[in-house]
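To keep things clear, I will list the structure first and then write my remarks on it.
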Amino acid sequence: MLGSLAIYAHSLHFPEGISLFHRVGRVREGAPLFTDLDLMGYASQARSISTVVEGLGFRPDRMINGFFGDRRLVYYEGGDRFHMDIFLDKLEFSHDILFGKKPGNGRLELDYPTISLTDLVLEKLQIHRIGRKDLVDLLVLFLGHEVKPGADGDHEVVDADHVTQLLADDWGFWYESIQNLAKARALLANFVAEGRISADLSGRI
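In the numbering used here, the protein residues as written are 15 to 219.
Following this line, the structure appears as structure tokens:
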């Protein structure tokens, strides 16, 4: 699992982070907090994934799955309340985040049922023209978790070594990350000024 729902799951130990989702108005009033389910898998398991998902009653997007099924699968819930995106081997948007190709020997094995906390951070940092919702997601991640040089198996720590190694080899990704972190800090300052978050809590970032 990845995306905002995964961040929510990783923040259940941090009540202030969960309340922040609601307190700062991550989405418009009355709208659901989450509108889709984003998952990550291995392309070598795509056929098995499709069998399981369709067996649960989800309808495949035959055009997307036909053209892009080697790297992405899309399904719709029976009542059309939400859709499911399943990315394979890598998250491929503004910048690529690689998870490996071999089950048992990739980054998907670092955590469960979500991708690693470090990869959740990278997922948000790679966004070009990042929006308010994603900036709030970043703030919740950083408010509730430490950033350390090496996670050492700790699922609730952001691995600074992995992030720096990845960005050192990709100037565009590094630049995008610096810009998005600056935007997150600016939004945090606004929340503090508006009294939506305490200055003491904001000091964690």
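Beta carbons: idealized from backbone N, C-alpha and C, even for Gly. Since we're looking at a predicted model, the values are computed, not measured.
Quick one, which of the options has its alpha-carbon nearest residue i's?
i	options	result
residue 118	186, 179, 58, 35	58
residue 154	195, 167, 96, 53	195
residue 163	149, 178, 156	178
residue 25	152, 101, 184	152
residue 133	54, 199, 198	54
residue 188	139, 49, 120, 75	139
residue 219	78, 173, 145, 156	156
residue 148	82, 61, 198	198
residue 27	62, 158, 175, 83	158
residue 234	116, 78, 92, 93	The question about residue 234 has no answer, for the chain in this structure spans 15 to 219.
residue 135	102, 175, 97, 103	175
residue 62	181, 93, 102	102
residue 167	208, 121, 145	121
residue 50	80, 88, 84, 65	88
residue 85	94, 65, 60	60
residue 67	22, 184, 97	97
residue 21	185, 64, 171, 208	171
residue 52	185, 180, 184, 127	127
Given residue i, which residues of its chain have a CB within under 8 Å of its CB, disregarding the five upstream and five downstream residues?
i	result
residue 137	16, 17, 105, 111, 129
residue 69	none
residue 184	109
residue 186	109
Taking Cβ positions only, does residue i come closer than 8 Å to chain B?
i	result
residue 142	The displayed structure is made up of one protein chain only, and chain B is not part of it.
Could you round the C-beta distance between residue i and residue j to whole angstroms and report it? I think they count as a contact, below 8 Å.
i	j	result
residue 56	residue 73	About 23 Å separates the two Cβ atoms, so there is no contact after all.
residue 35	residue 19	Their Cβ separation, rounded to whole angstroms, is 11 Å, which puts residue 35 and residue 19 out of contact at 8 Å.
residue 30	residue 215	6 Å
residue 173	residue 165	4 Å
For residue i, which residues from the same chain have a beta carbon less than 7 Å from its beta carbon, with the 5 sequence-adjacent residues on both sides left out?
i	result
residue 142	108, 190
residue 38	150, 205, 210
residue 124	130
residue 161	172, 174
residue 115	56, 57, 58, 103
Using a 10 Å radius around the Cβ and a threshold of 16 neighbouring Cβ atoms, would you call residue i buried or exposed?
i	result
residue 192	exposed
residue 113	buried
residue 217	exposed
residue 203	exposed
residue 213	exposed
residue 94	exposed
residue 83	buried
Given residue i, which residues of its chain have a CB within under 6 Å of its CB, disregarding the five upstream and five downstream residues?
i	result
residue 169	125
residue 71	92
residue 75	88
residue 207	none
**Report entry** Whole beta strand (DSSP E) elements within the segment 74-152, 3-residue minimum
**Finding:** Listed in chain order, the complete beta strand (DSSP E) runs (minimum 3 residues) inside the segment 74-152 are 86-90, 97-102, 104-106, 110-112.
Requested in this report: Could you pull out every unbroken alpha helix (DSSP H) segment of at least 4 residues lying fully inside the segment 18-55, listed in chain order?
Outcome: The segment 18-55 contains, as complete alpha helix (DSSP H) runs of 4+ residues, the segments 29-37 (chain order).
Requested in this report: Could I get the ranges of all uninterrupted alpha helix (DSSP H) runs contained in the segment 167-210, with 4 residues as the minimum, in chain order?
Outcome: Correct list: 174-182, 185-207.
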